[in-house]
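J.: The structure is given below, and queries will be raised subsequently.
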Amino acid sequence: MINLLNKTTSLKIIFVLLILFVGFNGYIFPSYQNQMNEIAGKSVEVLDTRMAYTLEEVNAMFNDLGASGRSLYKFIITPIDMIYPIVYGLFLIFLLTFLLKKITASDSKLILLSLLPMSIVLFDYLENFNTLNLLKNYPDLSQTSVFYGDLVTKIKWYCAYASLSLVLILTIIVISQKFKQIFLPKSI
43 MINLLNKTTS
53 LKIIFVLLIL
63 FVGFNGYIFP
73 SYQNQMNEIA
83 GKSVEVLDTR
93 MAYTLEEVNA
103 MFNDLGASGR
113 SLYKFIITPI
123 DMIYPIVYGL
133 FLIFLLTFLL
143 KKITASDSKL
153 ILLSLLPMSI
163 VLFDYLENFN
173 TLNLLKNYPD
183 LSQTSVFYGD
193 LVTKIKWYCA
203 YASLSLVLIL
213 TIIVISQKFK
223 QIFLPKSI
């Protein structure tokens with residue numbers, strides 16, 4: 043696995059994934075969010091962007107969306123939000139691998155820390171399948187299904203915060219090492 047990460051990680055791949063990531067967050071998701079808001083006649087927050095939600099909130103949101111809004115929501119999840127986790131997951135994995143290679147040996151087991159974003163992807167998919175199940179069963183939603191979705195969403199966000207914290211910490215380490223190389227005199 044370490045060899046595979048080392049061989050496949052490049053700035054070119056990271057840049058392409060960054061462009062896709064920005065495209066999803068800067069254009070695709072906002073476009074569909076605007077359509078959902080228009081259908082609902084007010085601003086609605088989809089479940090996977092929330093940190094938590096209750097049965098009452100899910101019922102209210104699905105009611106506000108109406109049949110056409112719920113249908114659009116299913117469409118957003120099915121093709122689009124099934125591709126998105128792969129994009130951001132690979133972006134974060136390759137970015138972490140790139141940063142880790144800057145501060146440790148390329149054969150170090152620390153490189154495996156770059157796989158942490160796989161946890162976000164896993165919980166994002168579990169969340170997507172649960173949301174699709176909620177949409178399918180509306181208006182007969184169970185407290186258990188909503189609780190499960192809420193729990194999976196929270197875990198996804200905690201994994202995301204952990205991954206982004208690791209990116210930030212590694213970036214600071216890499217920058218401080220470069221700073222030392224440039225500005226501190228080398229010992230003779």
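Quick note: the sequence shown uses the working numbering, first residue 43, plus one each step.
Where is the CB? At the ideal position from N, CA and C, for every residue including glycine.
1. Roughly how many angstroms separate the alpha carbons of Met160 and Asn175, rounded to a whole number?
2. For a quick check, are the C-beta atoms of Lys302 and Asp166 less than 8 Å apart?
3. Could you tell me the alpha carbon to alpha carbon distance between Ile211 and Tyr126, rounded to whole angstroms?
4. Around the Cβ of Gly25, are there at least 16 other Cβ atoms within 10 angstroms (buried) or fewer (exposed)?
5. Considering Cα atoms alone, identify which of Ser218, Ile61, Val64 is closest to Lys144.
6. Can you tell me whether Glu80 is buried or exposed, with buried defined as 16 or more other CB within 10 angstroms of its CB?
7. Hey, is the region 172-189 in contact with the region 92-100, meaning 3+ C-beta pairs nearer than 8 Å?
8. Within the continuous alpha helix (DSSP H) that includes Val112, where are the two ends?
9. What residue range does the alpha helix (DSSP H) around Glu80 cover?
10. For Val64, does the count of other Cβ atoms within 10 angstroms reach 16, so buried, or fall short, so exposed?
11. Report yes if the C-beta distance between Thr195 and Asp90 is below 8 Å; otherwise report no.
T.: By the coordinates alone:
1. Your numbering for residue 160 matches position 118 in the sequence shown. Your numbering for residue 175 matches position 133 in the sequence shown. Rounded to whole angstroms, Met160 to Asn175 spans 23 Å at the Cα level.
2. Because the chain here runs from 43 to 230, residue 302 falls outside it and cannot be looked at.
3. Taking the first residue of the sequence shown as position 1, residue 211 is located at position 169. Taking the first residue of the sequence shown as position 1, residue 126 is located at position 84. If I take the Cα positions, the gap works out to 25 Å.
4. Given that the chain is displayed from residue 43 to residue 230, the structure contains no residue 25 and the question cannot be resolved.
5. Residue 144 sits at position 102 when you count from the first residue of the sequence shown. Measuring from the Cα of Lys144, the nearest candidate turns out to be Ser218.
6. For the purposes of this step, residue 80 is taken as residue 38 along the sequence shown, with counting starting at 1. Looking at its Cβ environment, which holds fewer than 16 other Cβ atoms inside 10 Å, Glu80 is exposed.
7. yes
8. In the sequence shown, residue 112 corresponds to position 70, counting from 1. Residue identity differs from the one stated: residue 112 is Arg in this sequence, not Val. Run containing Arg112: 97-117, per the alpha helix (DSSP H) assignment.
9. Taking the first residue of the sequence shown as 1, we reach residue 80 at position 38. Run containing Glu80: 71-82, per the alpha helix (DSSP H) assignment.
10. Working through the sequence shown from its first residue, we reach residue 64 at position 22. Val64 is exposed by the Cβ-count criterion.
11. Taking the sequence shown and counting its residues from 1, the one referred to as residue 195 is at position 153. Taking the sequence shown and counting its residues from 1, the one referred to as residue 90 is at position 48. Yes, the pair counts as a contact, with Cβ atoms nearer than the cut-off.
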